[in-house]
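Colleague:
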Amino acid sequence: MAEPLILALDQGTTSTRAILFDAKGQALAEAGRPLQQFYPADGWVEHDADEIFEACVAVLREAVQKAARGIDDVAAIGITNQRETVVVWDRATGKPIHRAIVWQDRRTADACERLRGEGHEARVTEITGLLLDPYFSGAKIAWLLDRVDGARARAEAGELLAGTIDSWVIWKLTGGRVHATDATNASRTLLFDIRAQAWSAEMGEMLRVPLGLMPEVRDCAGAFGETEPALLGRAVPICGVAGDQQAALMGQGCIRPGEMKATYGTGCFMLLNTGETPAPSRSRLLTTVAARVGGRTTYALEGAIFIAGAAVQWLNEGLKVGGGPTGAEQLAASARADHGVVLVPAFTGLGAPWWDAGARGAVFGLTRDAGLPEIAQAAFDASALQTRDLLEAMRADAPDAFHNGVEMRIDGGMSRSAWFSQRLSDLTGISVCRATYQETTALGAALFAGVGAGVYRDVEEAAASRPGTERFQTKMDAHRREAAYARWLDAVARVRAE
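Per the UniProt record's numbering, the sequence shown runs over residues 1 to 498.
1. Applying the criterion that 16 or more other CB atoms from any shown protein chain within 10 Å of the CB defines a buried residue, is glycine 129 buried or exposed?
2. According to DSSP, is tyrosine 299 helix, strand or coil?
3. If you follow the alpha helix (DSSP H) that alanine 155 is part of, which residue opens it and which one closes it?
4. Nearest CA to the CA of alanine 63: which residue from Pro40, Ile19, Trp103 and Arg33?
5. Distance check for leucine 173 and glutamate 113, CA to CA, integer angstroms please.
6. Over the uninterrupted alpha helix (DSSP H) stretch that includes cysteine 112, give me the two end residues.
7. If we count Cβ pairs, one from each stretch, closer than 8 Å, do we get three or more for the stretch 133–150 versus the stretch 187–203?
8. For lysine 320 and methionine 414, what's the separation of their Cα atoms in angstroms?
9. Which residues does DSSP pair with residue 499 in a beta bridge?
10. Look at the alpha carbon of aspartate 146 and the alpha carbon of tryptophan 44, and state the distance between them as a whole number of angstroms.
11. When burial is assigned at 16 or more other CB atoms within 10 Å of the CB, is alanine 2 buried or exposed?
12. In whole angstroms, what separates the C-alpha of cysteine 56 from that of alanine 493?
13. Are the beta-carbon atoms belonging to alanine 335 and alanine 376 less than 8 Å from one another?
14. Cβ atoms of valine 236 and isoleucine 77: under 8 Å apart, would you say?
15. Starting from phenylalanine 21, follow its DSSP beta bridges and name the residues at the other end.
16. Among the residues of its own chain, which have a CB less than 6 Å from the CB of alanine 8, if the five just before and after it don't count?
17. Could you check which residue in His479, Ala478 and Val451 has the C-alpha nearest to that of glycine 240?
18. Excluding the 5 residues preceding and the 5 following alanine 142 in the sequence, name in chain order all residues of the same chain whose CB lies nearer than 6 Å to its CB.
19. Could you spell out the range, first to last residue, of the beta strand (DSSP E) harbouring methionine 206?
20. The alpha helix (DSSP H) with arginine 481 in it runs from where to where?
21. Quick check for students: name the residue ranges of the alpha helix (DSSP H) that lie wholly in the stretch 327–411, counting only runs of 4 or more.
22. Would you call the CB atoms of serine 421 and isoleucine 430 closer than 8 Å?
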């Protein structure tokens, strides 16, 4: 019998991709489609849900066609997705009642601020592990029910369904037979009790979202139905689902307490596995579900950096540094040692643990002999120093998980730079392991699906099938590192609005 294959569907914010993996975690073929974004008003971001589904089918077909193997060898499909983006659709026709509202969208800011002003945030955090922020899905669903004509009455009558992108795609792939999500995506909605592992009636009432709209919550590895045979040539079981950052956590093999990953793209998402007990955060990190497999839930602390790779993009576009990321890196590497320049890239405020929307970017420590190389290095260093902020918050919130031998597993565009990977280790003081295969989000979805389909015995065997890593050890002496971090904290204090 031919070795089983696993087809991963990665539905992201700017593109939809499918990657075909073998059981050793090796990518055999992939396909992708760009995704159009709509900006109907300031701070509003939307997607066309029908376009998303059409792209999903197209890339799944293309990835299989590109491989030398046929659809009969595909044991399962794993799905990963942009987590907080929501769709509401007609149960009978399958037609969305409105474009999908994207996680980046801020239209519900006033509603969240009203609830915060009424003193609800502490209770929200206690139940969901999250903060009252338009980032999350629940307030978006309420907005759709209130603003689309007749939607709230139709929802109460049971005529509508709602869910994050994974739920929408599963429902469409299965011909409307399965309305389900997984625990990681559910934990990002503001409607899910992360301890009870169930939809929260209290949160549904607070946000004015009828819970009958919401999908059944299942494990990350398990049965999510089968695709309609006509879509891919035969019915293929869907056996794994996880939100993008949790899928990347699995793709990096972070299945034990104290294991953590950081993904450096435009911003940075960092997750620390805290084990089977949720760790409440005193540092305004998010407490979220890391995975649920075999009915066993593991949790994570999550911190978000708003600006990481975007600071390098600013160097290229704003300061006209040529050569793209490579040119910026070469310029940064040529900077004078101990130049003292600090860049705080608070272009859109500061993320965790500061959560200061009013902060703005600034450069400090300029002297007569400072120039573009020093500013460029400070832009790269800002990602490492913001990571240190998150590490310190995680160390305080989960001291049992954050043990002395902890290492950081990294992926994303900036991690492709060996120079930055070493700089990250130097400025944080911990070991950095760079994934040799960068598509860890899709890989994590495939690994969950492999567990669900029985390709792997358990998550331990699945994690062991990952490609290797490259390790970077700290070379900077502690005095220089702590001096750099002190300068950073002083600079952050100067730009903060709160």
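Note that CB positions come from ideal geometry on N, CA and C, so glycine has one too. The structure presented is a predicted model; accordingly, all values stated were derived computationally and were not measured.
Modeller: In this structure, then:
1. buried
2. strand
3. 151–156
4. Ile19
5. 37 Å
6. 109–117
7. yes
8. 19 Å
9. Summary: the structure shown does not reach residue 499, with the chain confined to residues 1 through 498, and so no result is reported for it.
10. 16 Å
11. exposed
12. 45 Å
13. yes
14. yes
15. Ile6 and Ala27
16. Ile19, Gly78, Ala442, Ala445 and Ala446
17. Val451
18. Leu207, Arg208 and Val209
19. Here methionine 206 belongs to no beta strand (DSSP E); instead the alpha helix (DSSP H) covers 201–207.
20. 478–495
21. 372–397
22. no
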